[in-house]
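Asker:
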Amino acid sequence: MRTFNSGKITFEYPDSWEVEKADILSNPDCIATLSKGEENLINAVMFPTATNLDDYKIFMEDAISDDGGVIISSDFTMIAGKDAIKLHANMDTPEINFDIHTYVFIEYGTIYIFEMRTLDVSGESEREFKNMIDSFKITG
Numbered sequence: 000m001r002t003f004n005s006g007k008i009t010f011e012y013p014d015s016w017e018v019e020k021a022d023i024l025s026n027p028d029c030i031a032t033l034s035k036g037e038e039n040l041i042n043a044v045m046f047p048t049a050t051n052l053d054d055y056k057i058f059m060e061d062a063i064s065d066d067g068g069v070i071i072s073s074d075f076t077m078i079a080g081k082d083a084i085k086l087h088a089n090m091d092t093p094e095i096n097f098d099i100h101t102y103v104f105i106e107y108g109t110i111y112i113f114e115m116r117t118l119d120v121s122g123e124s125e126r127e128f129k130n131m132i133d134s135f136k137i138t139g
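Numbering that gives the first Met the number 0 applies: residue 0 is where the sequence shown begins, and numbers increase by one.
(1) Buried or exposed, going by whether 16 or more other CB atoms sit within 10 Å of the CB of Ala-68?
(2) What is the rounded straight-line gap between the Cα of Asp-98 and the Cα of Thr-92?
(3) Using a 10 Å radius around the Cβ and a threshold of 16 neighbouring Cβ atoms, would you call Ala-31 buried or exposed?
(4) Considering Tyr-55, what are the terminal residues of the alpha helix (DSSP H) in which it resides?
(5) Any idea which residues DSSP pairs Tyr-111 with across the strands?
(6) With distance defined between alpha-carbon atoms, name the residue in Gly-80, Ile-95 and Met-90 nearest to Asn-130.
(7) Look up Thr-9 in the DSSP assignment and give the residues it is bridged to.
(8) In angstroms with no decimal places, state the Cα-to-Cα distance between Ala-83 and Glu-106.
(9) Let me know the secondary structure DSSP gives Tyr-124 once reduced to three states.
(10) Indicate the three-state DSSP secondary structure (helix, strand or coil) for Asn-26 in the structure shown.
(11) Which residues in the same chain as Phe-46 place their Cβ atom closer than 8 Å to its Cβ, once the five residues preceding and following it in sequence are excluded?
See the structure below:
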């Protein structure tokens, strides 16, 4: 296991995942991008917000549905000792069909969104992602 530390957040991740250069030009809120092969990509973003988990859950579900996604599950959960939203959806585009797994935290006026896009149907990447989120800590 390795530790990702942005100075604002930390989390553990398996050696099979690689930290990519965060694309802060097209997404200035990006704090981490990790990949595992060609089939798995995790993006983490954070930015100030005045919203709460209840309202953001509705917004997120509507955004995915508006993009043609099918929501498989969307629940409030407790992970890493924090209240969070856990969402699983499927996106079927002309180019690719993939699953999205998302965890959302709102702490002290800041929203933290971790999203994994995956083609892995074995569940291994999803388990690894959950373990990463379970180790999430706000440090700064």
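Using N, Cα and C, we set each Cβ at its ideal position, and we do this for glycine too.
Answerer: Taking the geometry as given:
(1) Looking at the sequence shown, residue 68 is not Ala but Gly. By the neighbour-count rule (16 or more Cβ atoms within 10 Å), Gly-68 is buried.
(2) 11 Å
(3) buried
(4) 52-65
(5) Met-45 and Phe-104
(6) Gly-80
(7) Asn-4 and Lys-136
(8) 10 Å
(9) According to the sequence shown, residue 124 is Ser rather than Tyr. Of the three classes helix, strand and coil, the one that applies to Ser-124 here is helix, per DSSP.
(10) coil
(11) Asp-28, Thr-109 and Ile-110
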